[in-house]
Amino acid sequence: MKFFVDTADVAEIRALADTGLLDGVTTNPSLVAKAGRPFREIVAEICAIVAGPVSAEVTATDAEGMIAEGRSLAAIADNVAVKVPLTMDGLKACKTLSGEGTMVNVTLCFSANQALLAAKAGATFVSPFIGRLDDIGLDGLELIGEIRTIYDNYGFETELLAASIRTVNHVRLCALAGADVATIPPAIIRQLVSHPLTDKGLDAFLADWKKTGQTIL
Ligand code: E4P
Numbered sequence: 002m003k004f005f006v007d008t009a010d011v012a013e014i015r016a017l018a019d020t021g022l023l024d025g026v027t028t029n030p031s032l033v034a035k036a037g038r039p040f041r042e043i044v045a046e047i048c049a050i051v052a053g054p055v056s057a058e059v060t061a062t063d064a065e066g067m068i069a070e071g072r073s074l075a076a077i078a079d080n081v082a083v084k085v086p087l088t089m090d091g092l093k094a095c096k097t098l099s100g101e102g103t104m105v106n107v108t109l110c111f112s113a114n115q116a117l118l119a120a121k122a123g124a125t126f127v128s129p130f131i132g133r134l135d136d137i138g139l140d141g142l143e144l145i146g147e148i149r150t151i152y153d154n155y156g157f158e159t160e161l162l163a164a165s166i167r168t169v170n171h172v173r174l175c176a177l178a179g180a181d182v183a184t185i186p187p188a189i190i191r192q193l194v195s196h197p198l199t200d201k202g203l204d205a206f207l208a209d210w211k212k213t214g215q216t217i218l
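Residue numbers (our numbering): 2 to 218.
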């Protein structure tokens, strides 16, 4: 499963990219607003840091507007993936932009039928929002499983990008359900590495090693 980080915070992205664990980045208008800097500048900086896909979302709501914005965003760097909402206009824009060789991430997906349409529109990625489904008492992970089955049934190449991930358990369950990608907030990525038994075990090894009086180098 590929790991994308879900943030527009360039400092966070740089730190995570240094670990070598990052396969891409997703942003959305809310994350850009939080970063409080010019959108195009942020996208250009992120694209220079991370070689993988960097999702940048359009804000027009009509297909023509989305296509124009998408072309403009795609011109920033080769690794921009234009993010469009899962509406009829968004699907139309997806078809056009994909046909021009631009990566497209169809976002705000909340049902298997919507994901089926995104694949038929030639999306590079579809982003089901699991946390937001959980928020309203539905099962976000069930949706990941359904999309996996549908895409496998028909050999769709659209990558299943699990979004709106809120916990480390979401990450584990997405991997078990066969998501191609998980886009994860920075804090959750850092939590993935932590285990109290790892810390305890390392402390014990280092204490015993100290007793030997040896050095490796
Ligand atoms: C990513 O593409 C989405 O915009 C993001 O994961 C949404 O997460 P949220 O539901 O926590 O805002």
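Quick reminder that beta carbons are idealized off the backbone N, C-alpha and C, glycines included.
Please classify residue i as buried or exposed, where buried requires at least 16 neighbouring CB atoms within 10 angstroms.
i           : result
residue 89  : exposed
residue 65  : exposed
residue 7   : buried
residue 165 : buried
residue 160 : buried
residue 172 : buried
residue 26  : buried
Between residue i and chain B, is there a C-beta pair that is closer than 9 Å?
i           : result
residue 122 : Protein chain content of the structure displayed is limited to a single chain, and chain B is not contained in it.
Kindly indicate which three-state DSSP category residue i falls into: helix, strand or coil?
i           : result
residue 7   : strand
residue 20  : coil
residue 187 : helix
residue 31  : helix
residue 51  : coil
residue 56  : strand
residue 111 : coil
residue 120 : helix
residue 104 : strand
residue 82  : strand
Any heavy atom of the ligand NAP within a distance shorter than 8 Å of the CB on residue i?
i           : result
residue 124 : The ligand NAP is not among the ligands present in this structure, which contains only the ligand E4P.
Taking 8 Å as the threshold, find out whether the region 150-157 comes into contact with the region 134-142 through three or more Cβ pairs.
-> Put simply, the region 150-157 does not touch the region 134-142. Fewer than three CB pairs are less than 8 Å apart.
Checklist entry - Are the region 94-109 and the region 68-80 touching by the rule of at least three beta carbon pairs closer than 8 Å? => result yes
Cβ contact check for the region 203-216 and the region 28-40: 3 or more pairs under 8 Å:
no
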